[in-house]
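Accompanying notes for the structure given below.
Protein chains: 2
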Amino acid sequence: MEPNPGITAPERKVMKVLNGETIAPPPIWIMRQAGRYLPEYRETRATAKGFLDLCYTPDLAVEVTLQPIRRYGLDASILFSDILVLPDALKCGVRFVEGEGPRLDPIDADGIGKLDPSGMHEHLAPVYETVGRLRRELPPETTLLGFCGAPWTVATYMIAGRGTPDQAPARLFGYREPDAFLKLLDLLADMSADYLIRQIEAGADAVQVFDSWSGVLDEACFEAYCIRPMKRIADKVRAVKPGAKIIGFPKGAGMLYRSYRQNTGVDALGLDWTVPLSFAAELQKDGPIQGNLDPLRVVAGRKSIKDGVDRILDVLANGPLIFNLGHGITPQADPEDVGYLVDYVRGTA
Amino acid sequence: MEPNPGITAPERKVMKVLNGETIAPPPIWIMRQAGRYLPEYRETRATAKGFLDLCYTPDLAVEVTLQPIRRYGLDASILFSDILVLPDALKCGVRFVEGEGPRLDPIDADGIGKLDPSGMHEHLAPVYETVGRLRRELPPETTLLGFCGAPWTVATYMIAGRGTPDQAPARLFGYREPDAFLKLLDLLADMSADYLIRQIEAGADAVQVFDSWSGVLDEACFEAYCIRPMKRIADKVRAVKPGAKIIGFPKGAGMLYRSYRQNTGVDALGLDWTVPLSFAAELQKDGPIQGNLDPLRVVAGRKSIKDGVDRILDVLANGPLIFNLGHGITPQADPEDVGYLVDYVRGTA
């Protein structure tokens with residue numbers, strides 16, 4: 000794939016879809032495409048002192064971000080970083096324990112009152128540098144996506160001090176201390192908006208907000224914890240960057256995907272793999288969608304990839320679609336099969 | 000609550016709702032109501048050698064099943080047992096490790112071919128005895144529910160040998176070895192039907208099928224793993240017990256709840272707490288529903304119980320509703336607050 004210097008941002012395929020166009024075949028990128036399934040990623044990762052070091056060292060972050068683009072020529076590149084850089088900027092003791100996932104110093108209502116975001120941009124300067132370098136080094140036809148974690152999902156880690164299967168600590172905290180919890184979500188929403196604005200200023204074409212744990216909430220909590228903060232982020236970003244394109248990914252939102260788009264104002268919906276395609280088609284009538292192949296189909300091999308892609312394209316290819324997995328690719332995926340997936344979606348397999 | 004010997008099975012409140020009647024206030028029972036949140040349960044549990052021993056000893060199983068009925072006068076009693084008694088009857092090495100959950104000897108395609116259900120009724124005779132004794136000892140107005148795990152959910156444990164956060168082992172196995180996996184689901188469906196028929200013969204008024212892990216599947220897998228086996232169970236049960244009432248609980252089915260009822264023939268849908276109430280109301284137009292308070296609202300205390308119950312009753316009390324939690328009650332719940340929940344739903348708090 001030759002870079003085409005004549006391409007401008009609005010002409011990038013993913014941006015066209017975000018603007019409501021239908022493109023055939025659909026553009027494709029893969030959540031967590033810079034990840035452990037790639038040997039070149041594991042090699043670069045091994046040179047970093049730790050996972051956060053990888054995120055905060057532009058040389059390394061740029062390198063791992065570009066690796067899947069070089070290998071597969073994907074239509075979008077997403078900044079390599081982590082959703083926990085915001086609590087890290089808040090000095091919440093974020094650390095990554097090999098084989099155990101993230102750990103933080105759990106926060107309570109008292110601690111929430113003391114959080115100070117004033118140093119965030121200084122702390123996150125390496126991320127902005129990474130974004131700028133990526134935009135210069137990526138092929139011009141490749142969309143560059145910035146991202147952040149959604150306030151609810153980030154808050155679940157801050158309250159529990161770690162990942163949990165059902166986010167019970169944060170859900171309980173929200174029921175017991177609603178004022179403090181909403182204050183935390185507002186703080187994270189404002190920081191997220193500022194963070195995304197800086198990423199856009201540094202060169203991101205569009206941004207995605209990952210609400211990986213929105214599927215464990217009842218309707219009232221989903222509205223308070225997921226919809227309201229996402230609207231706050233979208234409004235703040237667009238107040239500074241009118242027309243900024245935002246993909247919302249409230250994983251597991253189920254029936255609530257529709258009200259999520261209607262009430263937050265996100266441009267596109269990231270759909271997880273449990274969303275039935277008939278419902279996805281209905282959502283697509285209201286605007287672009289992104290998704291939603293089960294990541295385990297990639298691990299299972301080419302027959303299950305083909306079956307899954309066929310089903311999705313049959314139902315969704317005639318509307319604005321960004322092809323993607325329904326969640327991040329897993330370390331068990333074979334890079335050759337990922338190549339097959341990309342080719343198969345593009346009709347060149 | 001005085002036993003009323005004049006009450007016959009169809010006059011029990013939960014049975015009336017299962018027959019499509021609207022009852023105000025709605026009848027209430029609580030998933031996992033015989034459980035660790037009750038001190039009397041913990042006391043009885045401590046007298047058993049192990050968890051399976053508790054399930055297979057009628058004296059103990061009857062006692063723990065009756066405990067929440069004595070305490071709260073709930074409208075339904077559910078047999079105390081476990082969804083893994085079927086793999087245990089298949090000699091899959093089921094054991095419960097304190098603090099770690101269930102363990103089984105993981106099964107592969109070869110092992111699936113060798114499974115032999117012929118001894119199941121002998122193995123499960125103590126369960127049938129428990130059901131019979133319960134029906135005789137329960138107040139006549141109390142509905143007695145039998146239950147089993149759904150084939151998909153039971154299979155996830157058999158393939159992985161344990162519980163996993165996302166059921167990746169079984170999902171992968173299903174993609175890679177579809178023939179063997181469907182054979183396993185058929186075997187479990189047939190055993191489940193036979194098991195439920197015996198429970199009904201022993202005295203169960205109705206049965207519930209728990210598909211606790213149906214929320215991790217894409218649409219095609221949901222149809223193959225959840226809907227098809229549930230229809231097979233319902234058809235087989237009703238061939239022997241015409242008119243048998245079946246509650247299906249495909250936790251996390253989201254948008255697919257509707258097609259689940261339409262295509263399986265279950266009488267009532269158990270709704271998890273993430274189902275939006277507006278969608279629950281639509282589902283209720285097609286038949287009875289059961290649910291769906293977030294169990295953590297009970298842990299969080301009376302204000303969050305009241306808020307959650309008010310929302311549910313506002314939207315769903317005018318149709319056939321069995322009030323319940325949206326998943327099993329957790330050990331952290333305060334028995335006094337559970338009493339408040341029951342009273343509040345009944346308007347006597």
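These protein sequence lines are chains A and B, in that order. FYI, numbering that gives the first Met the number 0 numbers position 93 of the first sequence as 92, with every residue one higher than the one before it. FYI, numbering that gives the first Met the number 0 numbers position 234 of the second sequence as 233, with every residue one higher than the one before it. Even glycine gets a Cβ: it sits at the ideal position worked out from N, Cα and C. These figures come from a predicted structure and were not determined experimentally.
| Check | Outcome |
| --- | --- |
| Hey, A/D210 and A/T155 are a contact pair by Cβ (cut 8 Å); roughly how many whole angstroms apart? | Their Cβ separation, rounded to whole angstroms, is 10 Å, which puts A/D210 and A/T155 out of contact at 8 Å. |
| DSSP three-state call for B/V16: helix, strand or coil? | helix |
| If contact means a Cβ-Cβ distance below 9 Å, which residues of the segment 213-234 of chain A contact chain B? | G214, V215, L216, D217, E218, A219, C220, F221 |
| Please give the ranges of any beta strand (DSSP E) in the segment 243-310 of chain A, keeping only runs that are unbroken, at least 3 residues long and fully inside the region. | 244-249, 267-269, 288-292 |
| Return the first residue and the last residue of the alpha helix (DSSP H) that B/I321 is part of. | No alpha helix (DSSP H) contains B/I321, which is instead part of the beta strand (DSSP E) from 320-324. |
| Check B/R102 in the structure and name its three-state DSSP category. | strand |
| Any beta carbon from chain B within less than 8 Å of A/R94's own beta carbon? | no |
| For A/D293, go through chain B and note every residue whose CB falls closer than 7 Å to its CB, in chain order. | D217 |
| Count the other CB atoms within 10 Å of the CB of B/T46; is the residue buried (16 or more) or exposed (fewer)? | exposed |
| Indicate whether the contact test is met: 3 or more Cβ pairs, each with one atom in the segment 193-212 of chain A and one in the segment 230-244 of chain B, closer than 8 Å. | no |
| Would you please verify whether the beta carbon of B/T155 is less than 8 Å from any beta carbon of chain A? | no |
| Quick one: what does DSSP say B/I111 is sitting in, helix, strand or coil? | helix |
| Tell me which residues share the same chain as A/V265 and place their Cβ nearer than 8 Å to its Cβ, disregarding the 5 neighbours each side in the sequence. | V208, M229, A233, I245, I246, G247, Y259 |
| Between which two residues does the alpha helix (DSSP H) carrying B/R135 extend? | 124-136 |
| Start and end of the alpha helix (DSSP H) containing B/V93? | Neither: B/V93 is in no alpha helix (DSSP H) and is coded neither H nor E. |
| Helix or strand or just coil, what does DSSP make of B/R161? | strand |
| Assuming A/P105 and A/I158 make a contact with CB atoms under 8 Å, what is their CB distance in whole Å? | 6 Å |
| Any residues in the segment 161-189 of chain B with a beta carbon nearer than 8 Å to a beta carbon of chain A? Which ones, in chain order? | P164, A167, R170, L171, Y174, R175 |
| Once DSSP output is grouped into helix, strand and coil, what is the label at B/A169? | helix |
| Would you kindly report the start and end of the unbroken beta strand (DSSP E) that includes A/F209? | 205-210 |
| Tell me whether B/G148 sits in a helix, a strand or coil according to DSSP, three-state version. | strand |
| Evaluate A/Q261 with the Cβ neighbour count: other Cβ atoms within 10 Å of its Cβ, from every protein chain shown; 16 or more gives buried, anything less gives exposed. | exposed |
| Closest to A/P177 by CA distance: which of B/I29, B/P24, B/E39, B/G300 is it? | B/G300 |
| Taking Cβ to Cβ, would you say B/R170 is nearer than 8 Å to A/L85? | no |
| Tell me where the alpha helix (DSSP H) around B/A233 begins and ends. | 227-239 |
| Show which residues of chain B have a CB atom less than 8 Å away from the CB atom of A/G100. | Residues of chain B passing the Cβ test: none, with the nearest at roughly 11 Å. |
| Can you confirm whether B/R35, when its beta carbon is compared against all beta carbons of chain A, has any partner nearer than 8 Å? | no |
| Out of A/T263, A/I288, A/A267, A/R175, point me to the one whose CA is closest to B/S303's CA. | A/R175 |
| What does B/S191 pair with, by DSSP beta-bridge criteria? | Note: B/S191 sits in no beta bridge, so no partner. |
| Go ahead and label A/P164 buried or exposed: buried means 16 or more other beta carbons lie within 10 angstroms of its beta carbon, across all protein chains shown. | exposed |
| Closer than 7 Å by beta-carbon distance: list the chain B residues that pair up with A/A299, in chain order. | L171, Y174, R175 |
| For B/V13, which residues in the same chain have their Cβ closer than 8 Å to its Cβ, ignoring the five residues on either side in sequence? | P26, W28, D74, A75, T142, L144, D204, A205, I321 |
| Would B/M0 be called buried (16 or more neighbouring beta carbons within 10 Å of its own) or exposed? | Because B/M0 carries a pLDDT of 41, less than 50, the predicted location of this residue cannot be relied on, and no value is offered for it. |
| DSSP beta-bridge partners for A/A75? | A/T142 |
| What do you reckon, are the CB atoms on B/G34 and B/Y40 nearer than 8 Å? | yes |
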